[in-house]
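One structure is given below, encoded as structure tokens.
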């Protein structure tokens with residue numbers, strides 16, 4: 004059965020878009036990274052074993068979820084949306100798997116709502132301060148383009164490293180743009196949501212008292228080996244996996260290996 008679209012409401016009345024892959028059994032919520040959307044999980048979910056219900060969330064200001072006015076894109080804001088989604092889905096407890104910015108959100112959620120979580124999967128994230136990493140002015144008016152090819156020609160992964168070929172990368176790009184009411188094309192994220200000015204707390208992983216899987220792409224520059232080891236050591240109950248050859252965007256670079264790592268982790272907790 005193809006995935007279904009669901010909608011939920013965040014605590015600020017913000018509309019949240021969900022992709023429900025169906026299935027019966029324990030619920031798993033999937034979070035994506037900065038400037039991305041729930042489609043980053045599309046290559047992975049079909050490779051996961053049955054017996055769970057997989058739901059992917061577009062974070063606020065990303066994908067088809069609403070942008071917030073005034074802009075509210077701090078980790079606590081995102082974590083509050085996760086709790087609202089959990090309640091809307093009727094899950095007493097659930098597994099949370101998240102990539103990049105989503106992993107930072109998942110960590111924040113775990114420190115405030117740990118009893119709601121059965122497990123945590125943290126995939127290749129930047130364990131340092133975001134401030135100063137901007138590639139351009141945050142909050143600038145969104146660029147628009149006259150036709151879809153023009154905007155797709157500008158599409159790049161950030162960071163750029165990937166194992167995807169050009170055709171596959173363009174497919175990702177096609178799901179990352181939309182046509183505005185005036186007929187022009189724009190990116191499916193709010194520029195103001197990029198690089199929230201929130202410092203990294205090295206002690207935060209130590210407060211995530213839930214079984215955790217930490218996954219790193221072996222070629223990732225976002226989570227260097229030393230950073231991976233530091234976070235792994237700080238987590239109270241964790242195991243680590245490094246995926247050969249994969250860059251930061253491991254759900255795109257290595258969907259089978261990502262699915263296998265998550266499935267093995269969940270099986271070990273049964």
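Residue numbers (this note's numbering): 4 to 273. Glycine included, each C-beta is placed from N, C-alpha and C at the ideal position. Keep in mind it's a predicted model, so treat the numbers as computed, not measured.
The residues 14, in chain order, have a CB closer than 6 Å to that of residue 83 in the same chain once the five nearest residues on each side in sequence are set aside. Residue environment analysis places residue 11 among the buried positions, since at least 16 neighbouring C-beta atoms fall within 10 angstroms of its C-beta. If you draw a straight line from the Cα of residue 6 to the Cα of residue 42, it is about 11 Å long. In this structure, residue 174 and residue 183 do not form a Cβ contact; the two beta carbons are roughly 22 Å apart against a cut-off of 8 Å. A straight-line Cα-Cα distance of about 17 Å links residue 20 and residue 100. In the structure shown, residue 113 adopts helical secondary structure according to DSSP, grouped into three states. Where residue 215 is concerned, the enclosing beta strand (DSSP E) starts and stops at 215-220. Beta-bridge partners of residue 33 (DSSP): 59, 100. The beta carbons of residue 126 and residue 102 sit closer together than 7 Å. Runs of the alpha helix (DSSP H) lying entirely within the region 144-170, each at least 4 residues long, are 151-155 in chain order. DSSP, read as helix, strand or coil, puts residue 10 in strand. With a cut-off of 8 Å on Cβ pairs, the region 44-63 is not in contact with the region 116-131, counting fewer than three such pairs. Just measuring C-alpha positions, the residue of 18, 16, 81, 33 sitting nearest residue 24 is 33. Counting every other CB atom within 10 Å of its CB across the protein chains shown gives residue 185 a total below 16, marking it as exposed.
Residue 167 sits close to residue 255, with the two beta carbons spaced by under 7 Å. Taking all protein chains shown into account, residue 236 has fewer than 16 neighbouring C-beta atoms within 10 Å of its C-beta and is therefore exposed. Judged by their CB atoms, residue 261 and residue 47 are nearer to each other than the 7 Å cut-off. The alpha-carbon of residue 52 is positioned some 7 Å away from that of residue 266. Counting along the chain, no beta strand (DSSP E) covers residue 259; the unbroken alpha helix (DSSP H) around it starts and ends at 258-272.
Assigned with DSSP and collapsed to three states, residue 94 falls in coil, not helix or strand.
Nearest to residue 81 by C-alpha distance, out of 108, 74, 69, 55, is 108. Around residue 111, the same chain offers 78, 82 as residues with beta carbons nearer than 6 Å, after the five sequence neighbours per side are excluded.
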